[in-house]
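Student: Would you mind keeping the following structure in view while I ask a few things?
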Amino acid sequence: MMDEIILWLTPWEPQPLLIALFAIVACCYARGLARRRRLRDIAPAIAFGLGLISMYVVMQTHVDYYAQYMFFIHRAQHLILHHLGPFLIALSMPTAVLAAGAPAWLNRGVRGLGELPPVAACYRFVQHPFISALLFVGLIYFWLTPSIHFTAMLSARDYWLMNLSMAVDGLLFWWFMLDPRAPGTTRTTYSTGLRIIVLWAVMPPQIALGAYIALAPDTVYDVYAVCGRAFPISPIVDQQLGGLITWIPAAMMSVVATLILLRFGFIHERSKPESADRPSASPVKEPVT
Amino acid sequence: MTLHKILPRVLLAVGISLGLALSGCSGGPDYTAHDITGVMPDLEFNLTNEKGEAVTADDYDGRLKLLFFGYTNCPDICPATMARIRAALGGLDADTRDDIDVLFLSVDPERDTPERLQRFTSSFGDGVVGLTGTQEQLKALSKRYRVTYGYGEPNDNGFYLVSHSSAIFVFGPDGRARLLVNQQESVDELTADLKTLLNQLD
């Protein structure tokens, strides 16, 4: 039993820098929570914790082994790295808690880095609605191009490049999408309507790709036959499951995010000061005589 | 610079780099197989051969090596692949063939005893060496080449399937990883690839 737990917790390919990064973020967040002691931090903290832990689990535990040798588990891994984990982290708006917990020099360093003109320009560029959508869908298509996927699964370097690029892009995309501030607060806080358009624009390409994989009569990704599977399973079933994971939950995330954005929209609308051109809620009717 | 000015350049750069990546612009010789030179590490292992002797990769130094992961109870892929290798080697001249080792690595040491391995490899011609090892040794080698294997549930007769890599790994005489041959590659294509590789190595 103990052995099994140790086996599952041991990273298949340990990445010390990545583990250190997760540890630093987790420590800063926990310290921030303890310092702030606010009741309304609890719900976001659960979302943040789930997001962070899920991303760690799919990269630095034995799950990664199965993700390397089973197509459908690989797709589930990317669903968490690119969609679910970053979604939860962005939704929890962790900046304030992280800043409260991080040591002063780290806060200064991060803020200083973010204010450097080239960094700020790059950030604004990748967070542009069009570029953001292009990157989000483009990366999925890029790494799922059969020849590229083949090399990525065979080369240790490309494999980590693939996973990290998905995680970073996921964080950027959902950070941009789920920004709760009123539109226009910062240069990368776009209007709710525009964000919903982007969310729905990234859906059809994901559905098309997922459906193509799920319904393909032949093997699309032969690298899993080349490398062997973690357990004997029909290659076509493996591929169909992987296709379904690319197809349905990935696209549903856009729907969930739309609902959240609509809620943000209502909150902003309600908190707006009454304006003169706004029609009165209950117009006083002239008494009929 | 505004986005409208940057965007076409970025798209162009992305397009060009994608094109390069997809066309496999490596400049090396043309193989049907995947050229894995530099992608995968040199051959290295501690295993047991079909005579029950402990062997390492150094024992096969100076000879071209074809490595295949399988098991002798394999119903289809393993015997078919071994037959394909034999046919492909038949397309080379006898001297060249003598300098090539075919390493059949069983990932099912539970059932594949040295005797069993010898029986299996002897039916695929000379120069075929059966290898196996402890789970630890097998895992170390398969992880090194980013392949894996797994065991299915045994049926009433105790028979179980083993999932394993379907590829043939080709290593140069110096132990450097060179080619990865798919199931789709035909016998003639494999012969041609081996000739190209031997020419390149000379």
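From first to last, the protein sequence lines are chains A and B. Just so you know, the first sequence maps onto residues 8 to 296 in my numbering. Just so you know, the second sequence maps onto residues 106 to 307 in my numbering. Yeah, the Cβ is synthetic: ideal placement off N, Cα and C, and Gly gets one too.
Pull up the distance between the alpha-carbon of H90(A) and that of R224(B), whole angstroms please.
Tutor: In a straight line, the C-alpha of H90(A) is about 52 Å away from that of R224(B).
Student: Which residues in the same chain as W15(A) place their Cβ atom closer than 7 Å to its Cβ, once the five residues preceding and following it in sequence are excluded?
Tutor: Here the set comprises T68, H69.
Student: Count the other C-beta atoms from every protein chain shown that fall within 10 angstroms of the C-beta of T102(A), then say buried if there are 16 or more, exposed otherwise.
Tutor: Exposed is the call here.
Student: For Y256(B) versus V267(B), is the C-beta distance shorter than 7 Å?
Tutor: Result yes, Cβ atoms of Y256(B) and V267(B) sit closer than 7 Å.
Student: Rounded C-beta distance between W150(A) and A159(A)? I'm assuming under 8 Å.
Tutor: That pair is a contact at about 6 Å.
Student: Roughly how many whole angstroms lie between the Cα atoms of L295(B) and F137(A)?
Tutor: Using only the alpha carbons, I get a separation of about 46 Å.
Student: State the DSSP-derived secondary structure class of N260(B), mapped to helix, strand or coil.
Tutor: Three-state DSSP puts N260(B) in coil, outside helix and strand.
Student: Does the distance from the CB of L210(B) to the CB of L236(B) come in under 7 Å?
Tutor: Yes; because the gap between Cβ atoms is below 7 Å, this pair is in contact.
Student: Between Y228(A) and chain B, is the shortest Cβ-Cβ distance under 7 Å, so that the two count as touching?
Tutor: So no, Y228(A) is outside the interface.
Student: Within the same chain, show all residues whose beta-carbon is closer than 6 Å to that of V302(A), passing over the 5 residues directly before and after it, in chain order.
Tutor: Nothing in the structure corresponds to residue 302(A), since chain A is present only between 8 and 296.
Student: Considering Cα atoms alone, identify which of E158(B), D298(B), K248(B) is closest to P146(B).
Tutor: Cα-wise, what sits closest to P146(B) is K248(B).
Student: Got a sec? Which residues, its chain only, sit under 6 Å from T137(B) by beta carbon, not counting five neighbours each side?
Tutor: So the qualifying residues of the chain are E290, E294, D298.
Student: What residue does the beta strand (DSSP E) around K170(B) start on, and which one ends it?
Tutor: Note, K170(B): beta strand (DSSP E), 169-175.
Student: At the level of alpha carbons, what is the spacing between V209(A) and A83(A)?
Tutor: C-alpha separation (whole angstroms): 18 Å.
Student: Let me know the secondary structure DSSP gives T195(A) once reduced to three states.
Tutor: Coil.
Student: Between the segment 146-160 of chain B and the segment 277-291 of chain B, can you find at least three pairs of beta-carbon atoms closer than 8 Å?
Tutor: Short answer: they touch.
Student: What residue range does the beta strand (DSSP E) around T158(A) cover?
Tutor: That residue, T158(A), is in no beta strand (DSSP E); its alpha helix (DSSP H) goes 153-161.
Student: Given that V252(B) touches chain A, what residues does it touch there, using C-beta distances under 7 Å?
Tutor: Within 7 Å Cβ-Cβ: C234, G235.
Student: Tell me whether Y76(A) is buried or exposed, calling it buried when 16 or more other Cβ atoms sit within 10 Å of its Cβ.
Tutor: With 16 or more Cβ atoms within 10 Å of its Cβ, Y76(A) is classed as buried.
Student: Given a cut-off of 7 Å on the beta-carbon distance, is the pair T253(A) and G217(A) in contact?
Tutor: Yes, the Cβ-Cβ distance between T253(A) and G217(A) is below 7 Å.
Student: Shorter than 6 Å, the distance from the beta carbon of L46(A) to the closest heavy atom of the ligand GTP, or not?
Tutor: Of the ligands one can find in the structure shown there are none, so the ligand GTP has no counterpart to examine.
Student: Please classify T253(B): does DSSP put it in a helix, a strand, or coil?
Tutor: It is coil, neither helix nor strand.
Student: Got a sec, what are the start and stop residues for the beta strand (DSSP E) I53(A) sits in?
Tutor: That residue, I53(A), is in no beta strand (DSSP E); its alpha helix (DSSP H) goes 49-67.
Student: Would you verify that the beta carbon of T17(A) is, or is not, closer than 7 Å to some beta carbon of chain B?
Tutor: False, the Cβ-Cβ gap to chain B never drops below 7 Å.
Student: Name, going along the chain, the residues of the segment 264-293 of chain B whose beta-carbon falls closer than 8 Å to a beta-carbon of chain A.
Tutor: Going along the segment 264-293 of chain B in chain order, one finds L266, V267, S268, H269, S270, S271, A272, L285, N287, Q288, Q289 with a Cβ nearer than 8 Å to chain A.
Student: Hey, does F238(A) have any beta-carbon neighbour from chain B nearer than 7 Å?
Tutor: Output row for F238(A): interface = yes.
Student: Which whole-angstrom value is the C-beta distance of F229(B) and A188(B), which I expect to be below 8 Å?
Tutor: With a Cβ gap of about 7 Å, F229(B) and A188(B) count as contacting.
Student: Please list the partners that G238(B) has in chain A, where partner means a Cβ-to-Cβ separation under 9 Å.
Tutor: None at all; the shortest Cβ gap to chain A is about 16 Å.
Student: Please name the residue or residues paired with G232(B) in a DSSP beta bridge.
Tutor: Paired residue(s): none; G232(B) is not in a bridge.
Student: Within the same chain, show all residues whose beta-carbon is closer than 6 Å to that of P18(A), passing over the 5 residues directly before and after it, in chain order.
Tutor: Taken in chain order, the residues that qualify are Q67.
Student: Nearest-angstrom Cα distance between T196(A) and R164(A)?
Tutor: Whole-angstrom Cα-Cα distance: 35 Å.
Student: Taking the alpha carbon of I182(B) as the point to measure from, which residue in Q288(B), S227(B), T201(B) has its own alpha carbon closest?
Tutor: The option with the nearest alpha carbon to I182(B) is Q288(B).
Student: Interface residues of chain A around M145(B) at Cβ under 8 Å?
Tutor: What M145(B) touches in chain A: L161, S162.
Student: Does the beta carbon of Y76(A) sit closer than 7 Å to a beta carbon anywhere in chain B?
Tutor: It does; some Cβ of chain B falls within 7 Å.
Student: List the DSSP bridge partners of H135(A).
Tutor: Looking at the DSSP assignment, H135(A) forms no beta bridge with any residue, so it has no partner.
Student: Would the beta-carbon of V78(A) fall within 7 Å of that of Y219(A)?
Tutor: For the sequence presented, residue 78(A) should be read as Phe rather than Val. Contact flag unset, no.
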